[in-house]
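K.L.:
Right, I'll just put the structure down here and ask away after.
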Amino acid sequence: MENPAELLKALADATATAEHEPSPRYAVHCLQLCGVDSKLVATDGQQLLVQRGFEFPWEGEILVPGSRVFGSAVLDSQSPVLVGKTDEWFTLQAGRWTFWLKINKDGRFPTVENHIQSPDVAVASVEFPPSDCRFLVENLPHMPGSDVPYSPVTLDLNSTVAVRARGQDAETVMEMVLTGATRHGEPIRMMINRRYLARAVKLGFERIHIFGDKQPMLAADDHRRYVWAVLDARSCIEPTENMTRIESPAPGTVSSVGPPRPRIERSNNTPMPRSSTTNTTNGNGNAQAAGNGHANGNGHAHPETDNGQTSGAIEQVIALRTTLREAAVQATELVRLLKAEKRQTRQLRSALSSLRELQPLEL
4 MENPAELLKA LADATATAEH EPSPRYAVHC LQLCGVDSKL VATDGQQLLV
54 QRGFEFPWEG EILVPGSRVF GSAVLDSQSP VLVGKTDEWF TLQAGRWTFW
104 LKINKDGRFP TVENHIQSPD VAVASVEFPP SDCRFLVENL PHMPGSDVPY
154 SPVTLDLNST VAVRARGQDA ETVMEMVLTG ATRHGEPIRM MINRRYLARA
204 VKLGFERIHI FGDKQPMLAA DDHRRYVWAV LDARSCIEPT ENMTRIESPA
254 PGTVSSVGPP RPRIERSNNT PMPRSSTTNT TNGNGNAQAA GNGHANGNGH
304 AHPETDNGQT SGAIEQVIAL RTTLREAAVQ ATELVRLLKA EKRQTRQLRS
354 ALSSLRELQP LEL
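Add 3 to the 1-based position in the sequence shown for this note's numbering, that's all there is to it.
Take a look at the structure:
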């Protein structure tokens with residue numbers, strides 16, 4: 004059966020969502036292809052991606068292993084994709100390439116529908132313009148705490164839409180303010196894995212729905228649903244007076260040279276209450292309005308105005324972090340050398356003391 008060329012990307016995205024190794028309980032290393040519902044499902048137990056709009060010529064569901072070959076650049080991403088199956092094999096033809104994947108008949112796939120809620124019952128949602136999506140993808144990996152287990156960040160939907168992270172020293176806090184994002188519904192703070200937030204915007208989702216600080220989050224469009232688990236909201240990072248703050252460029256702002264540069268400053272925000280169920284706002288919340296992004300009449304975009312703001316804030320923060328890490332390594336090496344010298348001094352003193360206690364030999 005013929006499918007659009009987009010099926011290749013859908014299979015590649017599903018493979019990236021599935022678990023890499025077989026699980027003893029569920030076959031989450033496989034992709035579920037549903038003939039009746041015309042959907043493609045993948046999960047690793049922490050994230051879930053459901054994609055619809057494809058036609059599979061069989062009834063029921065089959066499980067096939069994911070493969071990174073679906074994302075290969077050598078495949079023709081413009082021509083239709085043909086799919087079919089035998090009793091044992093799933094077949095896919097893309098251009099001059101034909102792939103045979105053995106169907107997993109013994110594996111069990113988890114029931115996923117109960118984890119997908121309707122956006123209509125969300126208590127809050129946030130919409131990102133393309134400029135903020137790019138800003139998130141570029142800067143989330145560089146925020147402190149990326150090497151902490153689960154790479155936690157706080158998504159704060161209160162007076163502004165912000166992402167907050169803390170380093171391992173528990174003192175270094177950085178806040179990323181998304182100036183073009185629009186919040187709807189209740190103010191709330193969530194603790195999430197930054198990897199899933201970055202993946203949602205990489206997949207092209209521009210709207211995220213929240214159902215409470217303990218419920219999985221949902222990114223949705225007309226044909227796809229991406230769901231991921233949240234972390235313990237009791238660990239949410241509240242704003243502090245001394246945190247480092249960066250802001251995304253205003254929507255529609257285009258830099259005359261190079262990419263837009265964020266502003267960095269010390270925040271003087273007063274910490275907000277941690278409650279996620281109070282101060283309900285109207286449908287528009289308190290979000291900032293997005294710009295129209297028009298260029299001037301001569302066909303050139305308006306250059307970004309610096310206004311005395313610090314240039315290259317992210318680069319400076321990364322450079323500072325690198326310098327501090329190098330200093331820490333040097334300090335560790337210095338401590339090691341001092342300890343070794345101290346140990347040698349003790350050994351020398353002990354040897355001298357032993358020599359003093361020796362009696363003179365009688366000839």
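By construction, the Cβ of each residue, glycine as well, lies at the ideal position given by its N, Cα and C atoms.
What's the C-alpha gap between glutamate 64 and glycine 170?
P.N.:
45 angstroms
K.L.:
Alpha carbons only, please: which of Glu141, Pro190, Lys205 is nearest the one belonging to methionine 179?
P.N.:
Glu141
K.L.:
Where DSSP assigns a beta bridge to glutamate 64, which residues make up the other side?
P.N.:
Cys37
K.L.:
Helix, strand or coil: which one does DSSP assign to proline 155?
P.N.:
Proline 155: strand per DSSP, three-state reduction.
K.L.:
Taking the continuous alpha helix (DSSP H) assigned at asparagine 142, which residues delimit it?
P.N.:
133-142
K.L.:
Taking the beta carbon of leucine 139 as the centre, do at least 16 other beta carbons fall within 10 Å, making it buried, or is it exposed?
P.N.:
buried
K.L.:
Between the alpha carbons of glycine 98 and lysine 105, how many angstroms are there, rounded?
P.N.:
21 angstroms
K.L.:
Might you give, ordered along the chain, the residues of its own chain that have their beta carbon closer than 7 angstroms to the beta carbon of serine 80, omitting 5 neighbours on each side?
P.N.:
Answer for serine 80: Ala8, Leu11, listed in chain order.
K.L.:
Tell me whether glutamate 130 sits in a helix, a strand or coil according to DSSP, three-state version.
P.N.:
DSSP places glutamate 130 in strand when its eight states are reduced to three.
K.L.:
Taking contact to mean at least 3 C-beta pairs separated by less than 8 angstroms, is the region 181-190 in contact with the region 219-236?
P.N.:
no
K.L.:
Between which two residues does the beta strand (DSSP E) carrying lysine 13 extend?
P.N.:
Sequence check: residue 13 is alanine here, not lysine. Per DSSP, alanine 13 belongs to no beta strand (DSSP E); it is in the alpha helix (DSSP H), 9-20.
K.L.:
Which residues in the same chain have their Cβ closer than 6 angstroms to the Cβ of glycine 261, if we skip the five residues on either side of it in sequence?
P.N.:
Unreliable placement is indicated for glycine 261, whose pLDDT of 39 sits below 50; the coordinate value is still reported in the next sentence. The answer is none, since no qualifying residue turns up.
K.L.:
Entirely within the region 156-200 and at least 3 residues each: give me those beta strand (DSSP E) ranges in chain order.
P.N.:
164-169, 176-180, 185-188, 191-196
K.L.:
Classify lysine 342: buried if its beta carbon has 16 or more other beta carbons within 10 angstroms, exposed otherwise.
P.N.:
exposed
K.L.:
Only counting the same chain, and skipping five residues up and downstream in sequence, which positions put a Cβ closer than 6 angstroms to that of glutamine 120?
P.N.:
Within its own chain, the residues whose Cβ lies closer than 6 angstroms to the Cβ of glutamine 120, once the five positions on either side in sequence are excluded, are Phe214, listed in chain order.
K.L.:
Going by C-alpha to C-alpha distance, which of Ala173, Arg210, Ala203, Val230 sits closest to methionine 246?
P.N.:
Ala173
K.L.:
Taking 6 angstroms as the limit between beta carbons, can you name the residues of its chain near threonine 243, skipping five residues before and five after?
P.N.:
Val176
K.L.:
Between serine 154 and the rest of its own chain, which residues show a CB-CB distance below 6 angstroms, the 5 nearest in sequence each way excluded?
P.N.:
Closer than 6 angstroms at the Cβ level, and outside the excluded window around serine 154, lie Asn196, Arg197, Arg198.
K.L.:
When the Cα atoms are used, what is the spatial distance from glutamate 209 to tyrosine 229?
P.N.:
12 angstroms
K.L.:
Histidine 32 to alanine 45, Cα distance in whole Å?
P.N.:
Their Cα atoms are separated by approximately 8 angstroms.
K.L.:
Answer with buried or exposed for glycine 48, where buried requires no fewer than 16 other C-beta atoms within 10 angstroms of its C-beta.
P.N.:
exposed
K.L.:
Asparagine 117 by DSSP, collapsed to three states: which one?
P.N.:
helix
K.L.:
Give me the Cα-Cα distance between aspartate 135 and aspartate 90, rounded to the nearest whole angstrom.
P.N.:
47 angstroms
K.L.:
Using only CA atoms, which one of Trp92, Leu160, Ala232 lies nearest to phenylalanine 131?
P.N.:
Leu160
K.L.:
Give the range of the beta strand (DSSP E) segment to which histidine 212 is assigned.
P.N.:
210-213
K.L.:
Based on DSSP bridge pairs, tell me the residues matched to methionine 220.
P.N.:
Answer is Trp231.
K.L.:
Measuring CB to CB, does glutamine 50 end up less than 7 angstroms from threonine 18?
P.N.:
no
K.L.:
Does the separation of the CB atoms of alanine 253 and threonine 182 fall below 7 angstroms?
P.N.:
Contact: yes.
K.L.:
Whole angstroms is fine: what's the gap from isoleucine 211's alpha carbon to alanine 232's?
P.N.:
13 angstroms
K.L.:
Pick helix, strand or coil for alanine 334, following the three-state DSSP scheme.
P.N.:
helix
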